[in-house]
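Chemist:
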Ligand code: CAA
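Residue numbers (the numbering used here): 12 to 456.
1) Can you check DSSP and say which residues form a bridge with residue 204?
2) With DSSP as the reference, label residue 17 as helix, strand or coil.
3) Measuring from the CB of residue 230, is there a heavy atom of the ligand CAA at a distance below 7 Å?
4) With residue 399 as the anchor, note down where its beta strand (DSSP E) starts and where it stops.
5) Quick one: grab the DSSP three-state call for residue 189.
6) Is it right to say residue 293 is buried, meaning 16 or more other beta carbons lie within 10 angstroms of its own, or is it exposed?
7) Less than 8 Å between the beta carbons of residue 438 and residue 19, yes or no?
8) Using 8 Å as the threshold, is the C-beta distance between residue 72 and residue 53 below it?
9) If you measure from the CB of residue 174, is any heavy atom of the ligand CAA nearer than 7 Å?
10) Between which two residues does the beta strand (DSSP E) containing residue 380 stretch?
11) Thinking C-beta only, is residue 244 closer than 8 Å to residue 368?
12) Tell me which residues share the same chain as residue 451 and place their Cβ nearer than 7 Å to its Cβ, disregarding the 5 neighbours each side in the sequence.
13) Using DSSP's beta-bridge definition, name the partner residues of residue 123.
14) Output the boundary residues of the beta strand (DSSP E) element that contains residue 367.
15) Taking 7 Å as the cut-off, is the C-beta of residue 226 nearer than that to any heavy atom in the ligand CAA?
16) Rank 355, 312 and 317 by C-alpha distance to the C-alpha of residue 332 and give the top, closest one.
17) In terms of residue numbering, what span does the beta strand (DSSP E) encompassing residue 55 cover?
18) Should residue 353 be counted as a contact of the ligand CAA given a C-beta to heavy atom distance under 7 Å?
19) Hey, how far is the Cα of residue 435 from the Cα of residue 429?
20) Would you grab the beta carbon distance between residue 89 and residue 124 for me? Rounded to a whole angstrom, and I think it's under 8 Å.
21) Check whether the Cβ atoms of residue 241 and residue 201 lie closer than 8 Å to each other.
22) Measuring alpha carbon to alpha carbon, tell me which of 455, 222, 456 and 448 ends up nearest residue 100.
23) Nearer than 7 Å: is that true of the beta carbon of residue 25 relative to any heavy atom of the ligand CAA?
24) Would residue 176 and residue 337 be called neighbours here (beta carbons separated by less than 8 Å)?
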């Protein structure tokens with residue numbers, strides 16, 4: 012079968028930045044280390060006054076089309092994943108296509124457009140849909156634009172306010188891709204959960220502590236399901252493992268469980284046994300809580316071992332570099348983690364072609380998905396073409412009072428007036444409302 016996957020990626024970060032340790036923590040009466048060490052976050056991205064999920068998605072897609080010299084004729088699908096939609100009928104992809112038609116000759120009338128919703132996992136589901144469309148031979152030589160765009164805002168005063176973010180990732184999905192090929196094998200962990208939801212409301216209702224446990228439980232199921240089809244996963248089988256990253260501290264928890272799981276019954280477990288014992292086996296315990304306590308003790312000991320630390324530093328930590336600077340981008344988050352890993356390999360002169368990534372997505376409500384990706388020969392050129400860290404550096408640094416006004420601006424119930432902090436240039440901007448209450452956009456040169 013022809014390889015199918017991601018040929019190229021572009022990213023658009025919200026143009027404003029909130030420093031969590033310096034600006035946010037003091038206003039909350041928090042120790043800055045809660046953010047930098049506990050959650051693992053330095054800054055969050057926010058949309059400027061003229062930005063929203065459409066502008067960020069259209070700007071990422073436009074940049075991608077320009078770099079790859081694509082025309083509307085090349086695009087057979089526009090799939091948008093978001094959990095920040097403002098319209099229950101008209102999909103964001105139509106707004107984005109409308110924006111792009113302002114700057115290209117031709118149109119996207121031939122392109123199938125849709126919008127995927129399943130919390131943060133919808134970006135991966137859209138990617139999967141696009142790959143399946145190509146694998147089924149229905150693409151007529153065209154590729155798919157897959158765009159994950161979100162403004163991850165929480166109610167003021169909610170604990171989730173520490174983990175906000177805003178931005179879009181646009182992916183060009185094709186046959187014979189330059190960046191990564193996606194495996195056909197996938198694993199799922201899916202259950203009806205109420206860890207995080209937005210029942211006809213803009214800001215989420217979140218059970219924060221429970222959401223962490225649900226993430227871990229579904230992720231474990233997805234990994235086991237993946238192994239049932241792809242074979243057992245060893246700790247060193249994958250160059251990097253990008254996880255959905257609501258904040259880096261969440262990935263630290265997931266990585267430790269993944270390491271424990273993948274070293275079980277291996278030489279690594281044997282080598283560690285002398286110092287920390289063997290992993291507890293359920294069948295050796297009559298009592299469930301005694302078993303759980305033993306697992307917890309073993310995991311605490313494992314966390315301190317150099318074997319684990321070296322594995323984590325090599326395969327997980329590099330996936331967090333963008334997220335710690337921009338916060339949670341919901342549907343785009345795991346795709347930033349993949350990019351961080353590839354960026355790390357490029358910065359360290361590593362030849363990654365042919366190596367594999369284990370990609371682990373999660374969406375509240377709740378579902379996890381695990382699949383493998385094989386890095387393609389053209390990866391380095393694609394990664395070198397990205398300037399994500401330059402764009403992160405060039406964001407406008409908000410004071411706390413400015414942050415409060417930005418939050419009010421993007422609060423649908425308030426829609427407060429706000430002058431932009433940055434000057435739009437070569438980008439789509441939000442321009443007001445049309446006669447049917449639709450949002451309107453224009454391109455600023
Ligand atoms: N120095 C070092 N570490 C510190 C510290 C300090 N001074 N103060 C606190 N910490 C640590 C805490 O020990 C904790 O780490 P552990 O979890 O490892 O114990 C961490 O910093 C966070 O501190 P708290 O638990 O006290 O923080 P909180 O009560 O404000 O809540 C949260 C944290 C639950 C993640 C909250 O921010 C939240 O609800 N976020 C939104 C929900 C979310 O992101 N859930 C993740 C899974 S769901 C998902 O992934 C989907 C999605 O995208 C939303």
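Glycine included, each C-beta is placed from N, C-alpha and C at the ideal position. All figures in this text were calculated on a predicted structure; none of them were measured in a lab.
Modeler: Straight from the coordinates:
1) Bridge partners of residue 204 according to DSSP: none are assigned.
2) Three-state DSSP puts residue 17 in a strand.
3) no
4) Run containing residue 399: none in the beta strand (DSSP E); it sits in the alpha helix (DSSP H), 399-404.
5) coil
6) Exposed is the call here.
7) Cβ distance not < 8 Å, so residue 438 and residue 19 don't count as in contact.
8) Between residue 72 and residue 53, the gap from beta carbon to beta carbon reaches 8 Å or more.
9) A heavy atom of the ligand CAA is found nearer than 7 Å to the CB of residue 174.
10) Segment 378-386, the beta strand (DSSP E) holding residue 380.
11) no
12) 442, 443, 444 and 445
13) 88
14) 367-374
15) yes
16) 355
17) 54-57
18) no
19) 15 Å
20) 5 Å
21) no
22) Comparing Cα positions, the closest option is 448.
23) no
24) yes
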